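Structure first, then comments.
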Amino acid sequence: MNQKKKCKELKRISRENLNGKYKPAMAAFLMVIIINLLTDMPFTYLLGNVYATKTQTVIYYIAEVLLSIVVGVLQMGLIRFHLNMAKKQQIRLTDVFYCFRNRSNRYFGAYIIYYVISMIAKAPYLTARTFFKFKGDTLYTAIGLTAISVVLNIIVFVLLAFYMYLIISREDLGVFACLAASVKLIRGNILRLIYIYLSFVGLLVLCLLSLGIGFLWVEPYFQQTLANFYLDVTGELPQVDYTV
5 MNQKKKCKEL
15 KRISRENLNG
25 KYKPAMAAFL
35 MVIIINLLTD
45 MPFTYLLGNV
55 YATKTQTVIY
65 YIAEVLLSIV
75 VGVLQMGLIR
85 FHLNMAKKQQ
95 IRLTDVFYCF
105 RNRSNRYFGA
115 YIIYYVISMI
125 AKAPYLTART
135 FFKFKGDTLY
145 TAIGLTAISV
155 VLNIIVFVLL
165 AFYMYLIISR
175 EDLGVFACLA
185 ASVKLIRGNI
195 LRLIYIYLSF
205 VGLLVLCLLS
215 LGIGFLWVEP
225 YFQQTLANFY
235 LDVTGELPQV
245 DYTV
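Per our numbering, residue 5 is the first one in the sequence shown, and the count goes up by one each step.
Spelled out as structure tokens, the structure:
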């Protein structure tokens, strides 16, 4: 039977899990960020170059799509890292690269499907940005398309909140089965998910005030809380007495 723990309790468990393990959690997060920056910079420079040609622009956007998928698979490895921590299992920095070394076709395929779904949700906004101007006669059309895109993205974000966790932890399920399972699991837990996100708003503001340095502490805390939330919903959360 699921424990249905409150957000406050899940965050407390997350802090306990991170106690003594903050350094590897921060290192795993930094590893993903650095790889993302190092691989993206050459193509960003290419597009920003005043002499950039149409061919270079096309190459940039193709590269951005491919890099987004690669970084997405790295983030799936980061989810595995936090799931292992939440389950009281051994954690390694190499967990970040797990999806590249084990059944990579499953994980790349899974993220490509997620990427396509997210791009469909963004399509109205991209249409507004490309073919309409946010001023003059087309202003309201552009705003309307953007609003549709926002709603679609929220729906995708909520319904597929557990998708990556299922891909990582339920290798017995196919990719499309994980999509269906995510929708099923989130039912009855949407308000809890929203509450968890809202509970981190204050910390997010502090991170911005710290010029982003605070993310080194907040991001692992946030990821560990989401991992514990998933395990709580699936009934897999370790039953440990954290009382002092």
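All C-beta atoms in this analysis are idealised placements derived from N, C-alpha and C, irrespective of residue type, glycine included. All figures in this text were calculated on a predicted structure; none of them were measured in a lab.
1. Are the beta-carbon atoms belonging to Q79 and V36 less than 8 Å from one another?
2. Does the Cβ-Cβ distance between F226 and L189 come in under 8 Å?
3. Since L70 contacts D44 with CB under 8 Å, what's their CB separation in whole angstroms?
4. Taking K15 as the reference, give the member of Q243, E240, P242, F233 with the closest Cα.
5. What did DSSP end up calling E175 once you bin it into helix, strand or coil?
6. Are at least three pairs of beta-carbons, each pair with one atom in the stretch 140-156 and one in the stretch 100-114, less than 8 Å apart?
7. When the Cα atoms are used, what is the spatial distance from C103 to V209?
8. What beta strand (DSSP E) runs, 3 residues minimum, are completely inside the stretch 160-232?
9. Check whether the stretch 84-99 touches the stretch 121-134, counting contact only when three or more Cβ pairs, one atom from each stretch, lie closer than 8 Å.
10. Measure the C-alpha to C-alpha separation of L249 and I124 and round it to an integer number of angstroms.
11. Since L163 contacts V187 with CB under 8 Å, what's their CB separation in whole angstroms?
12. Could you have a look at N106 and say whether DSSP puts it in helix, strand or coil?
13. Going by DSSP in three states, E240 sits in which element: helix, strand or coil?
Once the coordinates are examined:
1. yes
2. no
3. At roughly 11 Å, the Cβ-Cβ gap does not stay under 8 Å, so L70 and D44 are not in contact.
4. F233
5. coil
6. no
7. 32 Å
8. none
9. no
10. An answer regarding residue 249 cannot be provided, because it is not within the stretch 5 to 248 covered by the chain.
11. 5 Å
12. coil
13. coil
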